[in-house]
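Visitor: In the numbering used here, the protein residues as written are 4 to 492. Beta carbons are placed, not taken as given, at the ideal position from N, Cα and C, and that holds for glycine.
#1: Hey, would you say residue 2 sits closer than 8 Å to residue 35, going by beta carbons?
#2: Once you ignore the five residues that flank residue 303 on each side, which residues in its own chain have a CB closer than 6 Å to its CB?
#3: Candidates 132, 33 and 270: which alpha carbon is nearest residue 68's?
#4: Can you give me the start and stop residues for the beta strand (DSSP E) that residue 442 sits inside?
#5: Are residue 450 and residue 426 touching if we call contact CB-CB under 8 Å?
#6: Look up residue 305 in the DSSP assignment and say whether it is helix, strand or coil.
#7: Within the 8 Å Cβ cut-off, does residue 307 reach chain B?
#8: Write down every uninterrupted run of the alpha helix (DSSP H) in the region 313–377 whose length is 4 residues or greater and which is fully enclosed by it, in chain order.
#9: Name the DSSP bridge partner or partners of residue 471?
#10: Does DSSP put residue 436 in a helix, in a strand, or in coil?
#11: Does DSSP put residue 431 in a helix, in a strand, or in coil?
#12: What is the DSSP secondary structure of residue 463, counted as helix, strand or coil?
#13: Just tell me which of 194, 244 and 392 has its CA closest to the CA of residue 284.
#14: On the premise that residue 187 lies in contact with residue 118, defined as a C-beta separation below 8 Å, what is that separation, rounded to the nearest angstrom?
#15: So, using beta-carbon positions, are residue 476 and residue 440 closer together than 8 Å?
#16: Just to confirm the assignment: which complete alpha helix (DSSP H) runs, minimum length 4, are found wholly within the region 41–129?
#17: What is the residue span of the alpha helix (DSSP H) that residue 195 lies within?
#18: Sort 355, 331 and 95 by Cα distance to residue 37 and report the nearest one.
#19: State whether the region 196–214 contacts the region 121–129, with contact taken as three or more CB pairs (one from each stretch) at a distance under 8 Å.
#20: Do residue 342 and residue 362 count as a contact pair if the criterion is CB distance below 8 Å?
#21: When the Cα atoms are used, what is the spatial distance from residue 99 to residue 445?
#22: Are the Cβ atoms of residue 334 and residue 268 separated by less than 8 Å?
#23: Ordered along the chain, which non-local residues of its own chain (more than five positions away) have a Cβ less than 6 Å from that of residue 139?
#24: Would you report the Cα separation of residue 529 and residue 483, rounded to the nearest angstrom?
#25: Quick one: any contact between the region 188–196 and the region 160–180, if contact means 3 or more CB pairs under 8 Å?
#26: Closest to residue 420 by C-alpha separation, out of 367, 20 and 486, would be which residue?
#27: Within the continuous alpha helix (DSSP H) that includes residue 149, where are the two ends?
#28: What is the DSSP secondary structure of residue 206, counted as helix, strand or coil?
#29: Label residue 473 either buried or exposed according to how many other C-beta atoms from any shown protein chain fall within 10 Å of its C-beta, with 16 as the threshold for buried.
#30: Tell me the rounded alpha-carbon separation between residue 313 and residue 152.
#31: Along the chain, where does the alpha helix (DSSP H) containing residue 487 start, and where does it finish?
#32: Put residue 268 into one of helix, strand or coil per three-state DSSP.
#33: Which of the three DSSP states, helix, strand or coil, is assigned to residue 397?
#34: What residue range is occupied by the uninterrupted alpha helix (DSSP H) comprising residue 283?
#35: By Cβ distance below 8 Å, which residues in the same chain neighbour residue 27 in space, the five residues on each side in sequence not counted?
#36: Can you tell me the Cα-Cα spacing of residue 365 and residue 358, whole angstroms?
Written as structure tokens, this is what we have:
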């Protein structure tokens, strides 16, 4: 759990880049809806359509490369001192893994089945980005102080981190060469197994679709239900102008349930996060989840919202996936049918409504209202009941910490007193800091003298674990942390 919390904190750096994607794409699709469906041959764009097209491409530049943002963000965020060397090593790892495991390169080494080809076609995904970020940061933390023989001294210290990350990435690629197709194939088999379950099967599909997004493996299920992997092709048949009479299932059932959830459920959940955010962080929460909600409603881009909390509150993300399942079952049973070529936002709903397979699209209003209310109530209850650290509720945001003022501006002296209270540098195994806290990992908790630490004028001492100590310093924590690290060298 501690690792996930650290990962979630690191992910907030790249996630902060995503809201602009939703804003740009939402405005762009509103100005130029044809961008989503494609233009007829010879069609000339108006001035507003050209602006919209330009904005869509600008937003897509980030959302389509989200995995790279994750690799670099986690590489920096999980590295000691948040050093950029970890981000560079993560990028090197990403480039190496995705290149080695590209379909073209893999096919030169092993014979690929159709399923394996599909698997490696999807290798450049957020899961690989997260793995690369962990590799980069771990290699930095472990090898940043490595000393090599004189004839290799140029590569000592930080310069060897990217090299080590490259070697590790090769080994990871070898493992994924055999493991990735198995995982992908297992998900395809799962999809085939639940097809016969009708509405319940559609709900199970929606649940696993959301649950697999952090790993990028949802594409395996999508291929089963949306395209002609096993003879289904819900999406392709829908947009080809077919109806349920032309296929063996209720056409659109594997897409329709996403509309009320993305268009209304996500804004409802986002409002719950804003209402439960700490008063000093409401504006920040609005900026992060508000723009994400807009992106979900207009064009069905939900990643900025989902990655904003899935690692901070993984249990809540499972609940989120369950809500998708429930609403997909309901949507299937009541006969609402709509389709998407991009995602389940308002733009695709409007464009799919005239197609022959579309049914009862007016039901999006009652379904949407229900989704908004249910998502809001469930999220608000869970956040408050279990004190979940969703955006705006992190421990770092407590008022006492923001108001903390050191009694002494001699940061070296403050750091020295804290170090003495910790039990000396021999008792320190890890040093980190956030906005207001000095976060320390220690060997022996019996050596901690809280009275001594507090004599430095700090606001408080928190001991979240047997080997963890957090000293509430205030907004000048960075200066104290820098001096503390110098004293520990």
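Guide: Short version:
#1: What is shown of the chain runs 4 to 492, which leaves residue 2 out entirely.
#2: 265, 346, 347 and 348
#3: 132
#4: 440–445
#5: yes
#6: coil
#7: The structure shown contains no chain B; it is built from a single protein chain.
#8: 317–337 and 349–355
#9: 444 and 468
#10: strand
#11: strand
#12: strand
#13: 392
#14: 7 Å
#15: yes
#16: 50–66, 69–80, 87–103, 106–110 and 117–124
#17: 164–197
#18: 355
#19: no
#20: no
#21: 35 Å
#22: no
#23: 78, 89, 92, 93, 96 and 168
#24: This structure cannot settle anything about residue 529, because the visible part of the chain is limited to 4 through 492.
#25: no
#26: 486
#27: Counting along the chain, residue 149 falls outside any alpha helix (DSSP H), and DSSP gives it neither H nor E.
#28: helix
#29: buried
#30: 44 Å
#31: 480–491
#32: helix
#33: coil
#34: Counting along the chain, residue 283 falls outside any alpha helix (DSSP H), and DSSP gives it neither H nor E.
#35: 58, 59, 61 and 62
#36: 14 Å
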